[in-house]
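Visitor: Residue numbers for the sequence shown follow the numbering used here, beginning at 714 and rising by one.
We put the beta carbon where it would ideally sit given N, CA and C, even for glycine.
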Amino acid sequence: MHAQVLDTAEWDRVAALCRDHDIHTIECVVLDTWGIPRGKRIPTRQFLRGAGYAIANVIYTWDPTCFIFATPWVNEADGFPDMHAVPDLASFRIAGWTTGVAIVMCDTVNVSTGEPIEMDARNMLKRQLARFAAM
714 MHAQVLDTAE
724 WDRVAALCRD
734 HDIHTIECVV
744 LDTWGIPRGK
754 RIPTRQFLRG
764 AGYAIANVIY
774 TWDPTCFIFA
784 TPWVNEADGF
794 PDMHAVPDLA
804 SFRIAGWTTG
814 VAIVMCDTVN
824 VSTGEPIEMD
834 ARNMLKRQLA
844 RFAAM
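Written as structure tokens, this is what we have:
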């Protein structure tokens, strides 16, 4: 389980923001390989359960028009399986472009192993920052 999900103080902070700003929907976002936000709009009550959500790994093989390219790591043969998207609560913000909506960035992990998805831009950045810190 992703450590962020278990941080009750952060969840309490997010729940208070949702309550104080009458948030009814959370836009949970993962960046595809083109940097385009992909994800789901989740009702606040469901989001606050802390379970994250499933999203197909196909987002890492399609182009900006959503044309799907088969790749060695994601293809029709494996059925484009789901990944698990875990909210990064530190990124939780009230949406400035509408009312009743908040947005949060998510990290993706393998459903079976819990390991970070290597193609996830946020995971790539974390790996590079760790390498830099180790220098």
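Looking only at its chain, what residues have a beta carbon closer than 8 Å to the beta carbon of residue 738, apart from the 5 residues adjacent to it on each side?
Guide: 754, 755, 756, 757, 813, 814, 815, listed in sequence order.
Visitor: Judging by CA-CA distance, which residue of 788, 729, 760 is the nearest neighbour of residue 770?
Guide: Considering only alpha carbons, the answer is 788.
Visitor: Given a threshold of 16 other Cβ atoms within 10 Å of its Cβ, counted over all protein chains shown, does residue 779 qualify as buried or as exposed?
Guide: Label assigned to residue 779: exposed.
Visitor: Between residue 743 and residue 798, how many whole angstroms is the CB-CB distance? I'm expecting something under 8 Å.
Guide: With 8 Å as the limit, residue 743 and residue 798 qualify as a contact, their Cβ atoms being about 6 Å apart.
Visitor: Express the C-alpha separation of residue 740 and residue 768 in angstroms, rounding to a whole number.
Guide: Straight-line Cα distance between these residues: approximately 13 Å.
Visitor: What residues are listed by DSSP as bridge partners for residue 775?
Guide: Per DSSP, 781.
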